[in-house]
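J.:
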Amino acid sequence: MILARQAFANLAWQQRVEQQYGYVSYDVARLTGPQLFADMVLEAGSCTRDIRSDFSGRIMIIPEETAPIVRNVHTGYKTPSSHWTVRQLAEPLFEPIRESSSSRDVRFHNLFQAEFRSARARIRSEIERLSLES
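For the sequence shown, the residue numbers in the working numbering are 73 to 206.
1. So, at 6 Å on beta carbons, what are the nonlocal neighbours of Phe166 in its own chain, with the 5 sequence-adjacent residues on each side left out?
2. Got a sec? Which residues, its chain only, sit under 8 Å from Pro164 by beta carbon, not counting five neighbours each side?
3. I need the straight-line Cα distance from Ser125 to Tyr149, nearest angstrom please.
4. Can you check the region 89-135 for any alpha helix (DSSP H) of at least 4 residues that lies completely inside it and give the ranges in chain order?
5. When burial is assigned at 16 or more other CB atoms within 10 Å of the CB, is Thr104 buried or exposed?
6. At what residues does the alpha helix (DSSP H) containing Ala162 begin and finish?
7. Distance check for Arg194 and Arg179, CA to CA, integer angstroms please.
8. Quick one: residues in its chain with C-beta nearer than 6 Å to the C-beta of Asn82, no 5 flanking neighbours on either side, listed in chain order?
9. Can you tell me which of Pro168, Glu198 and Ala79 puts its alpha carbon nearest to the alpha carbon of Gln92?
10. Would DSSP call Ile74 helix, strand or coil?
11. Using 8 Å as the threshold, is the C-beta distance between Ile133 and Arg121 below it?
12. Less than 8 Å between C-beta atoms, sequence neighbours within five positions excluded: which residues of the same chain meet that for Phe210?
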């Protein structure tokens, strides 16, 4: 859960920075992937698989050499220009958020909602006042 929260926080930060400045250099592996895991869970400077003491007993690392893992099975997406390691060098991670021009109907709906909420609050306070008088 800690890793997921940090990954989402990293993505939110990246989106905020891109909205403000346009393209800003990033590294997907560090934002959400294996480098994030290594930075948060493994001992700093550890070339091995030493888990930080605060994660000890909660995480077990299975050596890749003994695990049933096969690398590079699905590689069709790895064309030179479309792999994420290449795209992150020049392409923003997020689409720019465009301000939508509110239509007349949307503005009317928002105004109606605001008036409705205001009237409902006035009615509730009047009911409460009357019930206290009784």
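Every residue gets a Cβ at the ideal spot worked out from N, C-alpha and C, and that includes glycine.
T.: Looking at the atomic coordinates:
1. Here residue 166 is taken as the residue at index 94 of the sequence shown, counted from 1. Cβ contact annotation for Phe166 (same chain, cutoff 6 Å, sequence separation greater than five): Gln87 and Glu90, in chain order.
2. Here the question's residue 164 lines up with position 92 in the sequence shown. Cβ within range, chain order: Glu90, Gly94, Tyr95 and Val96.
3. Within the sequence shown, numbered from 1, the residue matching residue 125 stands at position 53. Within the sequence shown, numbered from 1, the residue matching residue 149 stands at position 77. Cα-Cα distance, rounded: 38 Å.
4. Runs of the alpha helix (DSSP H) lying entirely within the region 89-135 and spanning at least 4 residues, in chain order: 100-104 and 106-113.
5. Locating residue 104 in the sequence shown gives position 32, counting from the first residue. Buried is the call here.
6. Taking the sequence shown and counting its residues from 1, one reaches residue 162 at position 90. For Ala162, no alpha helix (DSSP H) encloses it, and the DSSP letter there is neither H nor E.
7. Looking up residue 179 in the sequence shown gives position 107. Looking up residue 194 in the sequence shown gives position 122. Each residue's alpha carbon lies about 23 Å from the other.
8. By 1-based counting over the sequence shown, the position of residue 82 is 10. Counting only Cβ-Cβ distances below 6 Å, and skipping sequence neighbours, we find Leu103.
9. Numbered from its first residue, the sequence shown carries residue 92 at position 20. Per the Cα distances, Pro168.
10. Residue mapping note: residue 74 aligns to position 2 of the sequence shown, counting from 1. In this structure, Ile74 counts as helix in the three-state DSSP scheme.
11. For this step, residue 133 is matched to residue 61 along the sequence shown. For this step, residue 121 is matched to residue 49 along the sequence shown. Yes.
12. An answer regarding residue 210 cannot be provided, because it is not within the stretch 73 to 206 covered by the chain.
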